[in-house]
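Enquirer: Here you go, one structure.
Protein chains: 2
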Amino acid sequence: MLNSKIEVYVMFQIGELSDQTGVPAKTIRYYEDIGLLSPAKRDDNRYRLYDQKDAERLRFIKSARALNFSLQEIAQILAARDRHEPPCGHVMDLIQSHIDEVERRIQELETLRSELTNLYEAGQGLPEDVHMRSCVCHLIRISDSKRGN
Amino acid sequence: MLNSKIEVYVMFQIGELSDQTGVPAKTIRYYEDIGLLSPAKRDDNRYRLYDQKDAERLRFIKSARALNFSLQEIAQILAARDRHEPPCGHVMDLIQSHIDEVERRIQELETLRSELTNLYEAGQGLPEDVHMRSCVCHLIRISDSKRGN
DNA sequence: CATAAACCTTCCAGCCACTGGAATGTCAAG
DNA sequence: CTTGACATTCCAGTGGCTGGAAGGTTTATG
Chain A
403 MLNSKIEVYV MFQIGELSDQ TGVPAKTIRY YEDIGLLSPA KRDDNRYRLY
453 DQKDAERLRF IKSARALNFS LQEIAQILAA RDRHEPPCGH VMDLIQSHID
503 EVERRIQELE TLRSELTNLY EAGQGLPEDV HMRSCVCHLI RISDSKRGN
Chain B
403 MLNSKIEVYV MFQIGELSDQ TGVPAKTIRY YEDIGLLSPA KRDDNRYRLY
453 DQKDAERLRF IKSARALNFS LQEIAQILAA RDRHEPPCGH VMDLIQSHID
503 EVERRIQELE TLRSELTNLY EAGQGLPEDV HMRSCVCHLI RISDSKRGN
C-alpha cells in the first residue's frame, strides 16, 4: 500500500498526558479515582501509562466540561458509549436542558447586576454609619425587602 | 409620654427565627459554627434562644447572600460593624468588584449559550454513532478545538 | 400514665470538582 | 553522589450548606 503509514504505539506518563490535554495530573488521577477514566496501565515502576485513546477520551471530557456538563453527565455519556449505545439522543436532551439552565442563570445575573448597580449608585455620597441605618449596609436590607424576601 | 409603646422583650427558639427570616435552622446553626453569628443564649433545656437583634443580623446576612456576597465577605462587614468601624467604604468596594464579577460571568454564560445553541442546531439530523465520529458527541470536540483548547 | 408529635440537640457525612501538601519512590544527568 | 524532575499514595480543605442518625424536651391527647 502506497498510502500506508508507520504508526508506532507509544505510551506515555501522566505528565505527558497532562501536557497534551491541558488537564492537570492531579485531575487525571481524580478522574480515575471516581471511575470516569478506567484504571490506567502501569509501568514496572507503577507509573501510569497512557496512549492516544486515553488522550482522546480525556480531551472529550475536557471539552464537555468546558460546556459545563457535570462529571456525572459526562460519565453517563461515556458509559453509554462504552456499552456501544449511541449516546447522541441523550446528549441532545442534555444540551437543551443546559441551554435552559444557562438562560436562567443569565437572567438571574442580570437581575443581580442591576440590583448591585442601583445599590452602588444609591450608596454614593451616603454617610458612614456604624449602625447601618443610613449607609449602604442599610440599603442592602432595603434592596432585599423590595424583592419581597 | 403619649407615644410610648409597651415593648415586651421576647426570646424565641431557632424554629421561630427560621420562620421569621426564611433561613433554615440547619443553616443558622452552621452560621454559629463558623462564627458568623455569635453563640446563642441557651434556655435551661439547652435550646438556643434568639431576640429581634439576632433576627436583624440574620436578615442582613440573608440579604447580602442574595446579592451573592460570600460568607467571608459578610463576616468582614459584620466584624467591622462589631468593632464600631463604619464598613461602608469597604462595602462599596465590594459591590464594585461584584458588579465586575457578575458582568464577567454574564459574558461567559452568553458565550456558552451560543456555543450550546450552535451545537444543538448542528446536532439536529445527525446520525447516531457509537464511536462519536459523526454525531453531536464529535461536535463537542469540534466546538472545543474552535475555541483553541 | 403512656404515647405520639413536634420541637430541639450534637455529630458525622456528603455534595461538587477539584486542589494543596506531606511523605515517599524512581530515574536520568552532571 | 547528589540534584532535580518526575512519579506515587493518602489525607485534608475549599464553600455553603444539607441529610440523617440518635437522642433529649415539651405539649397534647387517649
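Quick mapping for you: the protein sequence lines, in order, are chains A and B. Residues 403 to 551, numbered by the numbering used here, are exactly what the first sequence covers, in order. Residues 403 to 551, numbered by the numbering used here, are exactly what the second sequence covers, in order. Built from N, CA and C at the ideal position, the CB exists for glycine as well.
(1) With H, G and I counted as helix, E and B as strand and the rest as coil, what does DSSP make of B:F471?
(2) 9 Å is my cut-off, CB to CB: does B:E418 come that close to chain A?
(3) For A:L460, which residues in chain B fall below 8 Å Cβ to Cβ?
(4) Comparing the C-beta of B:T519 with each C-beta of chain A, is any distance below 9 Å?
(5) Does any residue of chain A bring its CB to less than 9 Å from the CB of B:Y522?
(6) What are the boundary residues of the alpha helix (DSSP H) that includes B:D435?
(7) In terms of alpha-carbon separation, which member of A:R461, A:A457, A:G491, A:H500 lies closest to A:F471?
(8) CA-CA distance, B:D449 and A:S516?
(9) In whole angstroms, give me the CA-to-CA distance for A:K464 and A:V425.
(10) Closest Cβ-Cβ distance between A:V434 and chain B: below 9 Å?
(11) Would you identify the three-state DSSP class for A:Y522, choosing helix, strand or coil?
(12) With burial defined as no fewer than 16 other Cβ atoms inside 10 Å of the residue's Cβ, what is the status of A:D456: buried or exposed?
(13) Just mark B:Y433 as buried or exposed, buried being the case when its beta carbon has 16 or more other beta carbons within 10 Å.
(14) By the three-class DSSP mapping on this structure, what secondary structure does B:L451 have?
(15) My guess is that B:L473 and B:Y452 are in contact by the Cβ rule of under 8 Å, so how many angstroms apart are they, rounded?
(16) Any idea which residues DSSP pairs A:F414 with across the strands?
(17) If we define contact as Cβ-Cβ less than 9 Å, is B:E475 a contact residue for chain A?
(18) Taking A:Q415 as the reference, give the member of A:E487, A:K428, A:N405 with the closest Cα.
(19) Nearest-angstrom Cα distance between B:G417 and B:I430?
(20) Name, please, each residue of chain A whose Cβ falls closer than 9 Å to the Cβ of B:V410.
Expert: According to the structure data:
(1) Reduced to three states, the DSSP call for B:F471 is coil.
(2) no
(3) Ordered by position in chain B, no residue passes the 8 Å Cβ test against A:L460, which lies about 11 Å from the chain.
(4) yes
(5) yes
(6) 427-435
(7) A:H500
(8) Asp is not the amino acid found at residue 449 of chain B; the sequence shown has Tyr there. Taking the straight line from one Cα to the other gives about 41 Å.
(9) Cα to Cα, A:K464 sits roughly 7 Å from A:V425.
(10) Before going further, note that residue 434 of chain A is Glu rather than Val in the sequence given. With 9 Å as the cut-off, A:E434 does not count as an interface residue toward chain B.
(11) helix
(12) With 16 or more Cβ atoms within 10 Å of its Cβ, A:D456 is classed as buried.
(13) buried
(14) strand
(15) Wrong, their Cβ atoms sit about 19 Å apart, outside the cutoff.
(16) A:Y452
(17) no
(18) A:K428
(19) Cα to Cα, B:G417 sits roughly 10 Å from B:I430.
(20) Simply none; closest approach about 23 Å.
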